[in-house]
Amino acid sequence: MPQKDTRDIVTVYRASGEPTAILNNLRRCTKCAIPETQETIVFDEAGVCNVCRQQEYKQSQIDWAERAREFAALVDEYRGKHDYDCIVPLSGGKDSTFTLYELVTRHRVKPLVVTFDHGFLRPTTLANTERTIKKLGVDYLKYRPSWKVVQKLMLESLHRKGDFCWHCHTGIFSYPMQIAVKFKVPLVVWGEPSAEYTSYYGYDEPEEVDERRFNRFVNLGITAEDMLGMLGGEVTMRDLEPFAYPPPAELRKLNVRSVCLGSYMPWNVKDQVEIIARELGWQGAAVEGVPPGYEYEKIECAMQGVRDYLKFIKRGFARTSHLTSIDIRNGRMTREEAARLIEQHEGQRPPSLDVFLEYVGLTEAEFMDIAMSHQVSPNAHDPGAVRPGAPLWDQPLWDRSR
Amino acid sequence: MIAVVDYGMGNLRSVFKALEAIGEEPRVTRDAADLRSATHIVLPGVGAFAQCVANLRATQLVDVLEEQVRERKKPFLGICLGMQLLGRDSEEGGRHEGLGWFPASVRRLHGDVGLKVPHIGWNDVRAQPESPLFKGVRHPVFYFVHSYYMDCENPQLVSATCDYGITFPAAIVADNVWAVQFHPEKSQLNGLRFLQNFLSGS
Amino acid sequence: MVKGVRFDGYRDVGHPVTTAKVYDAQGADELLFLDITATAENRRTLFDAVSRTADECFMPLTVGGGVRTLDDVRALLLAGADKVSINTQAVLGPELVSEAAERFGSQAVVVSIDVKSGVVWTHGGHQPTALRPADWARRVADLGAGEIMVTSIDREGTRSGYDLDLVRAVADAVPVPVIASGGVGRLDDLVDGIREGHASAVAAASIFHFTDQSVIKARAYMRQAGLEMRIA
Chain A
2 MPQKDTRDIV
12 TVYRASGEPT
22 AILNNLRRCT
32 KCAIPETQET
42 IVFDEAGVCN
52 VCRQQEYKQS
62 QIDWAERARE
72 FAALVDEYRG
82 KHDYDCIVPL
92 SGGKDSTFTL
102 YELVTRHRVK
112 PLVVTFDHGF
122 LRPTTLANTE
132 RTIKKLGVDY
142 LKYRPSWKVV
152 QKLMLESLHR
162 KGDFCWHCHT
172 GIFSYPMQIA
182 VKFKVPLVVW
192 GEPSAEYTSY
202 YGYDEPEEVD
212 ERRFNRFVNL
222 GITAEDMLGM
232 LGGEVTMRDL
242 EPFAYPPPAE
252 LRKLNVRSVC
262 LGSYMPWNVK
272 DQVEIIAREL
282 GWQGAAVEGV
292 PPGYEYEKIE
302 CAMQGVRDYL
312 KFIKRGFART
322 SHLTSIDIRN
332 GRMTREEAAR
342 LIEQHEGQRP
352 PSLDVFLEYV
362 GLTEAEFMDI
372 AMSHQVSPNA
382 HDPGAVRPGA
392 PLWDQPLWDR
402 SR
Chain B
12 MIAVVDYGMG
22 NLRSVFKALE
32 AIGEEPRVTR
42 DAADLRSATH
52 IVLPGVGAFA
62 QCVANLRATQ
72 LVDVLEEQVR
82 ERKKPFLGIC
92 LGMQLLGRDS
102 EEGGRHEGLG
112 WFPASVRRLH
122 GDVGLKVPHI
132 GWNDVRAQPE
142 SPLFKGVRHP
152 VFYFVHSYYM
162 DCENPQLVSA
172 TCDYGITFPA
182 AIVADNVWAV
192 QFHPEKSQLN
202 GLRFLQNFLS
212 GS
Chain C
141 MVKGVRFDGY
151 RDVGHPVTTA
161 KVYDAQGADE
171 LLFLDITATA
181 ENRRTLFDAV
191 SRTADECFMP
201 LTVGGGVRTL
211 DDVRALLLAG
221 ADKVSINTQA
231 VLGPELVSEA
241 AERFGSQAVV
251 VSIDVKSGVV
261 WTHGGHQPTA
271 LRPADWARRV
281 ADLGAGEIMV
291 TSIDREGTRS
301 GYDLDLVRAV
311 ADAVPVPVIA
321 SGGVGRLDDL
331 VDGIREGHAS
341 AVAAASIFHF
351 TDQSVIKARA
361 YMRQAGLEMR
371 IA
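Chains as they are written, first to last, in my numbering: chain A, 2 to 403; chain B, 12 to 213; chain C, 141 to 372.
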């Protein structure tokens, strides 16, 4: 199957005299800007990636009216039968905030809102969440696992996968399920489906946020039981309970359904941010390594910059590629504009790295060794080409306890 | 209650657990009363043809199966050897007689350059357009592990085929009797969906 | 569940059952459990892991390690394995292969061949034999093995690629499917195993345990390279 070479955009830029290192010599989708090193990417004969095709499918092949009816029926099935109609996991970011807003105002549910606090919630997010839960009038549970356990998990996860966010991925998706079981609230409603950004799942079927999905990609291939062995006695299973997915039999007994609102209505980040800004006073914030105009994205985590930096070292692309690709798919930006923004904004060293290194007790050289060992071929990271990024306004406020 | 016939041959536990995983109530049994009271009957099968037939006959359940399935039309699923047993005969290990429910003979797959026998692994299954077997299965790919196949004389009964050197029946259906060469209990989500279809559609 | 580098120096890589569930969710085609210590107490753990895995992962499972008798084979099949892998015992007492094939069917019998420096080794890579891999493979296929797994001890855990000459020599010598094992470090190695090595199946472990690669990425990569991969 002959593949169209997508290095043409580099040629274009070379011809016009612009720098050619902008796209890291990685083959990229001929439509968006995501490169070959992304976890699930496959390019078709036209060189277009599977996520772009999923978006096309989403925008033209789905009977959204029918999906909306399905969702209404699902909510009605569970309405009023338990202490809460559903659980809404809330990070405080744009997607979960919109999901909560939609469920309360349009679907008129009585939710139990659950935040798994990864320990890095930024001030803007905390303020947003305050306003959100008060204006919507909902019961709210927030849970924070032990910082000492989290420190160990971050370091182990970083070593094994070049991704220190294991505790967050697993906690965010396990803990609300545990609450569902504990409080006997079987319906759990999440926000955007992963099909919006990756191809672990497609849009042709509603995405069930279950153990299979958890094992498929959420937990990086590592379960709490695995981590127990990996940390070799430094923690106990009790310490890892918050990160453990409830057994299938328990969920089956309660007839738990765990679904994405974005499987039942077309996810539209720009419109949705406008709505929550207007109705709930939701505010954005600058994040590291991202162009202006994207202040709604991933604002809820102080470690987002380090996370993106790791992705850049491993895979040669980061959040700017991601955000501009979304805009391209929605007709809001051209590929050339995207390339320019990627060149300008990716490849910066986030100042928050200093904080992270303190948290896990690594030197920057050690961190780079680990990161570089996880590079995904054919990406070849050039540490010399990294520029220093600008600090976030709230970094001085972050608690630096170790 | 779904009766999973225990005649000493077959991946009983996997079939049992797969049915449980989709929310059903299976029971592994060699009790005639269970076959009579069950809503569905599943006959798994792994191993050699002759041994399978001999074991099945030794359970003395063949009559009950004939009564419940062929006369009373109870929904029935035969898996792998559990499908081949339903044929007239097999050439595996000599010439042996099957139950004769289908006009079919079991023959050996022929190896070829690049086509190794046994046929082990996942393979595409092509269903006839009106086939109820694979509803909700986007990419019908299932796990096969066999050296012999059903050569069915009546093409009307062949509900789905698979290619491996030759085109052979992946599924044979006659009213309430479904018989498949692949292992739904080993075919991950596709297999579970298929089992759901069997339980709801037949 | 331990991953060895050249059969020495083990590192803990996770719980076998939950790891199996991860691979199941990611659409691996088959799972392979190898009991490397095969002591009496480990047998219980192994059987437990096999049963629990078979209970929750509806996918093919091959189990091996310390299989010495027909009863061992039967016990593992009853515990939930679909195929049983025989290694050392195939050399010490080859009749086990034919007996198992006759009793349980060839498709349930895998013979595993470990190779170092051009000859077959037994006892977990500790004892050399005078057997050449392709000859031995031919013999066990004749005896009734339904599949053969060939592992390069030299390459195992090194992430430096399969020994493709070895894999090809074995794959071309036998009419049964051959599984290549030992040495995968990059996704290209998986493609090479099929294309250059003529293997029917490619096995990997280190690359999934110790790098940010996943079964999903590996499958997508192999599909992108033009190999027919099931979408899972």
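For every residue, glycine included, the Cβ atom is placed at its ideal position computed from N, Cα and C. All of these numbers come straight from a predicted model, not from anything done at the bench.
Item checked: G264 (chain C) - DSSP class collapsed to helix/strand/coil -> coil
Check: Considering K312 (chain A), what are the terminal residues of the beta strand (DSSP E) in which it resides?
Finding: That residue, K312 (chain A), is in no beta strand (DSSP E); its alpha helix (DSSP H) goes Q305 to R316.
Checklist line | Option in A:A74, A:M155 and A:V43 with minimal Cα separation from I371 (chain A) | finding: A:M155
Next item on the list: Pick out the complete beta strand (DSSP E) segments inside the stretch 137 to 168 of chain B, 3 residues or longer, and give them in chain order.
Entry: 152 to 157 and 159 to 163
Notebook entry, point to check: Could one say the Cβ of R54 (chain A) lies closer than 9 angstroms to chain C's Cβ atoms, at least one of them?
Noted result: no
Notebook entry, point to check: Which residues, in chain order, does the stretch 32 to 43 of chain B contribute to contact with chain A at a C-beta distance below 7 angstroms?
Noted result: G34
Note to self: At 4 residues or longer, what runs of the alpha helix (DSSP H) sit wholly inside the stretch 280 to 353 of chain C?
What the structure shows: 304 to 313, 327 to 335 and 346 to 350
Next item on the list: Could you check if S402 (chain A) is buried or exposed, using at least 16 other CB atoms within 10 Å of its CB as the buried criterion?
Entry: exposed
Margin query: According to DSSP, is I226 (chain C) part of a helix, a strand, or is it coil?
Written below: strand
Notebook entry, point to check: Helix, strand or coil for L137 (chain A) per DSSP?
Noted result: helix
Next item on the list: Using a cut-off of 7 angstroms between C-beta atoms, extract the partners of A122 (chain B) located in chain C.
Entry: Ala is not the amino acid found at residue 122 (chain B); the sequence shown has Gly there. By Cβ distance, chain C contributes P315.
Notebook entry, point to check: Can you list the residues of chain B that D205 (chain A) reaches, using a CB-CB cut of under 9 angstroms?
Noted result: R149
Next item on the list: Anything in chain B within Cβ reach of R253 (chain A), meaning under 7 angstroms, just list it in chain order.
Entry: G34
Next item on the list: Using a Cβ-Cβ cut-off of less than 9 angstroms, list which residues of the stretch 194 to 208 of chain C approach chain B; keep chain order.
Entry: A194, D195, E196, C197, F198, M199, P200 and L201
Notebook entry, point to check: Hey, does D148 (chain C) have any beta-carbon neighbour from chain B nearer than 9 angstroms?
Noted result: Caution is warranted here: a pLDDT of 40 is assigned to D148 (chain C), below 50, making its placement in the model unreliable, and no coordinate value can be reported.
Note to self: Is M2 (chain A) close to chain B? Criterion is C-beta to C-beta, closer than 9 angstroms.
What the structure shows: Model confidence at M2 (chain A) stands at a pLDDT of 37, short of 50, so the residue's coordinates are unreliable; what they give is reported in the following sentence. No, M2 (chain A) lies away from the interface with chain B (no Cβ there is under 9 angstroms from its Cβ).
Check: Which chain C residues sit within Cβ distance under 9 angstroms of S158 (chain B)?
Finding: G245, S246, Q247 and G286
Check: What are the start and end residues of each continuous alpha helix (DSSP H) run of 4 or more residues lying completely inside the stretch 47 to 133 of chain A, in chain order?
Finding: 51 to 61, 65 to 79 and 95 to 106
Margin query: Can you give me the C-alpha to C-alpha distance between T31 (chain A) and L113 (chain A), rounded to a whole angstrom?
Written below: 43 angstroms
Notebook entry, point to check: What is the rounded straight-line gap between the Cα of Q247 (chain C) and the Cα of E235 (chain A)?
Noted result: 44 angstroms
Next item on the list: May I ask which residues mark the beginning and end of the alpha helix (DSSP H) holding I343 (chain A)?
Entry: R336 to H346
Margin query: So for G132 (chain B), helix, strand or coil by DSSP?
Written below: strand
Check: Are the stretch 190 to 202 of chain A and the stretch 88 to 98 of chain A touching, with three or more C-beta to C-beta distances below 8 angstroms?
Finding: yes
Notebook entry, point to check: Out of B:E196, B:D162 and B:E35, which has the shortest C-alpha to C-alpha gap to P181 (chain B)?
Noted result: Residue identity check: residue 181 (chain B) is Ala in the sequence provided, not Pro. If we check each option's Cα against that of A181 (chain B), B:D162 comes out closest.
Notebook entry, point to check: Does the beta-carbon of T130 (chain A) have 16 or more other beta-carbons within 10 angstroms, so that it is buried, or is it exposed?
Noted result: buried
Next item on the list: Pick out whichever of C:I226, C:F187 and C:A160 has its Cα sitting closest to the Cα of G206 (chain C).
Entry: C:I226
Check: Where does A16 (chain A) fall in DSSP's three states?
Finding: Low local confidence applies: a pLDDT of 37 at A16 (chain A) is under 50, so the model's placement there is unreliable, with the coordinate-based value given in what follows. Reduced to three states, the DSSP call for A16 (chain A) is helix.
Next item on the list: With 9 angstroms as the threshold, decide whether the Cβ of E242 (chain C) is near any Cβ in chain B.
Entry: yes
Next item on the list: Would you mind reading off the limits of the alpha helix (DSSP H) that contains R118 (chain B)?
Entry: Element bounds for R118 (chain B): not the alpha helix (DSSP H) but the beta strand (DSSP E), A115 to R119.
Next item on the list: Determine the chain C residues that contact C378 (chain A) at a beta-carbon separation under 8 angstroms, and present them in chain order.
Entry: Residue 378 (chain A) is actually Ser in this sequence, not Cys. Here the neighbours are R326, L327 and D328.
Item checked: Secondary structure of H323 (chain A), DSSP reduced to three states -> helix
Next item on the list: Whole angstroms is fine: what's the gap from L110 (chain B)'s alpha carbon to C63 (chain B)'s?
Entry: 11 angstroms
Item checked: Reduced DSSP secondary structure (H/G/I, E/B, other) of C63 (chain B) -> helix
Checklist line | Simplified DSSP assignment, three categories, for I173 (chain A) | finding: helix
Item checked: Cutoff 7 angstroms; reference I23 (chain A); Cβ partners in own chain excluding five residues on either side -> Low confidence applies here, because I23 (chain A) scores a pLDDT of 48, under 50, leaving its location unreliable; read the following figure in that light. Around I23 (chain A): Y14, A340, I343 and E344.
Checklist line | Whole-number beta carbon distance between I314 (chain A) and M373 (chain A), since they are thought to touch under 8 angstroms | finding: 6 angstroms
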